[in-house]
Structure formats: C-alpha cells, structure tokens
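Engineer:
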Amino acid sequence: MPLLFLLLIAFATGVVAAHAGRDEVRLSPEPIWRMEAFSAYALFVAFVLVPTTGYFYVFHGDWFFFYWIDTDRAPWFWGILGALVVMSAATAGFRLGVAFCRGSRDVAARRVPVGVLLIALCVWPLAWNRLSAVGSYRQFSRDYGLTSFFGSPAFYSGLAMLIIGSIAFLWVVTRIGQQTHQPA
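Position one of the sequence shown corresponds to residue -14 (my numbering), numbered consecutively onward.
Below, the structure is given as structure tokens:
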C-alpha cells in the first residue's frame, strides 16, 4: 500500500470511528484525546495502520513513496516521517468526524469517508505507471530489474494487510458503537 493510499485510508477511518462513537462525542465536554472512542481508534492506528506503514516502508520503501524519493538517503527520516504523517491523517480524520457529529451533520460524516475512499481507490489507476512495478529507486529510474506488482510480495502482503485491517477496523467500529450506545 503506497503512502498516499494509507493516508486517505487513515483519514476516512478516523471520520468513521468518530461517527461510530457519536453519542459520546456529542455529549462529552472532554477533549478528543480523553474520549473512549478516540482511545479505541488510537489503538487501531497504533496496532494496524502504523505497523502496515512500517512494513511497506521497510520492505518496499521506494515503491511506498511512488519512487519520488530515494529512501536509501537518510532512511530513518523517511520512515519516521511516513509514520507521523499517517498518524496525523488519522487524527485529522477523527477531528473532522467529531466536528461533524457535534454539529449534527451525520450525513456529511457518512459521505466524506465514502468520497475519501473513492479517491483512495483512484490513486491506483492514476499512479499505475509508478505502482505497476516494484523495486528500488535506482531500478525504477534506470528501468532494470523491476518486478510486476501482481507477482511481487507487495501485492500479496498488501492484500493480506487490507483484509486484516478491514476486519480489525470493522471490529473496532462495532465495539465503539456498542460501548457508546449502551444506556447508562
């Protein structure tokens, strides 16, 4: 999963997680970081999205960044930056979801994630010339030794992580909804 795709996924899941906990979000005077819905979502980000970011950076770093940068130069910097950007996108999505819920704009809280996910899916065909081959920055820039995306480990690991992440997120959203909709 390339970074832009993960950023959009993180943003959309943040909005959905806030909407799932809308009863708590609407009534709570607490700051966002003290809400149970945010705590549950933060665990999802920490245990699913950030490790996914780390995996794709470590094993397919140049592909992960669309071959725009050579990750062999200052590799620690790009890895930390990727993780921080994904966490920031997730937090921004949750904040937007909270703003929608507190403003009683449930329709917007449902439509924005759908639109963002559609944009995330559009990343693939629009960037296919860069994503269709997996290799290093040098291989891509010199056009040698690249592996087809569908025959590479990036495809199979991406598919597995997409399935695992989807199941984990559905479970988190279900738990947030059950926890915040219980009568007191």
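The C-beta atom is built at its ideal place from N, Cα and C for all residues, glycine as well. Predicted, not measured: the structure shown is a model, and the values here were computed from it.
#1: My understanding is that F79 touches Y129, with C-beta atoms under 8 Å, so please give their C-beta distance in whole angstroms.
#2: As a quick exercise: from T37, G82, S126, pick the residue whose alpha carbon is nearest that of G(-1).
#3: Evaluate the contact criterion for the stretch 34 to 41 versus the stretch 138 to 147: three or more CB pairs, one atom per stretch, below 8 Å.
#4: Return yes when the Cβ of D57 is within less than 9 Å of the Cβ of T165, no when it is not.
#5: Going by the CB atoms, is the gap between V101 and A175 shorter than 9 Å?
#6: Could you check if I152 is buried or exposed, using at least 16 other CB atoms within 10 Å of its CB as the buried criterion?
#7: What whole-angstrom Cβ distance do F134 and V157 have, given they're in contact under 8 Å?
#8: Less than 8 Å between the CB atoms is what I'm expecting for G46 and W63, so what's the real figure, rounded?
#9: Please list, in chain order, all residues of the same chain as P98 whose beta carbon is under 7 Å from its beta carbon, the five residues on each side excluded.
#10: Once the 5 residues before and after D55 are set aside, which same chain residues still bring their CB inside 6 Å of it?
#11: Excluding sequence positions up to five away, which residues of its chain have a Cβ less than 7 Å from the Cβ of F29?
#12: First and last residue of the alpha helix (DSSP H) that includes F32?
#13: Which residues share a DSSP beta bridge with T132?
#14: Is the CB-CB distance between F51 and R11 below 9 Å?
Structural biologist: From the atom records:
#1: For the purposes of this step, residue 79 is identified with residue 94 of the sequence shown, where counting begins at 1. For the purposes of this step, residue 129 is identified with residue 144 of the sequence shown, where counting begins at 1. About 43 Å; that fails the 8 Å criterion.
#2: Position 14 of the sequence shown holds residue -1. For G(-1), the closest alpha carbon among the candidates T37, G82, S126 is that of G82.
#3: Yes, the stretch 34 to 41 touches the stretch 138 to 147.
#4: Locating residue 165 in the sequence shown gives position 180, counting from the first residue. Locating residue 57 in the sequence shown gives position 72, counting from the first residue. No, the Cβ-Cβ distance between T165 and D57 is not below 9 Å.
#5: Look at the range of the chain in this structure, -14 to 169, and you will see that residue 175 is not part of it.
#6: Your numbering for residue 152 matches position 167 in the sequence shown. Exposed, by the Cβ-count rule.
#7: To locate residue 134, count along the sequence shown from 1; it is residue 149. To locate residue 157, count along the sequence shown from 1; it is residue 172. 29 Å between Cβ atoms; not a contact.
#8: To locate residue 46, count along the sequence shown from 1; it is residue 61. To locate residue 63, count along the sequence shown from 1; it is residue 78. Correct: roughly 7 Å between the Cβ atoms.
#9: The residue labelled residue 98 in the question sits at position 113 within the sequence shown. Counting only residues of its own chain and dropping the five nearest sequence neighbours on each side, P98 has a CB closer than 7 Å to the CB of A(-3), V0, V1.
#10: Against the sequence shown, residue 55 aligns to sequence position 70. Excluding five sequence positions before and after D55, the CB atoms of its chain that fall closer than 6 Å to its own CB belong to Y122, given in chain order.
#11: Position 44 of the sequence shown, counted from the first residue, corresponds to residue 29. A153, F154, V157.
#12: For this step, residue 32 is matched to residue 47 along the sequence shown. In the DSSP assignment, F32 falls outside any alpha helix (DSSP H), carrying neither H nor E.
#13: Taking the first residue of the sequence shown as 1, we reach residue 132 at position 147. V119.
#14: Sequence index remark: in the sequence shown, residue 51 carries index 66 (1-based). Sequence index remark: in the sequence shown, residue 11 carries index 26 (1-based). No, the pair does not count as a contact, with Cβ atoms beyond the cut-off.
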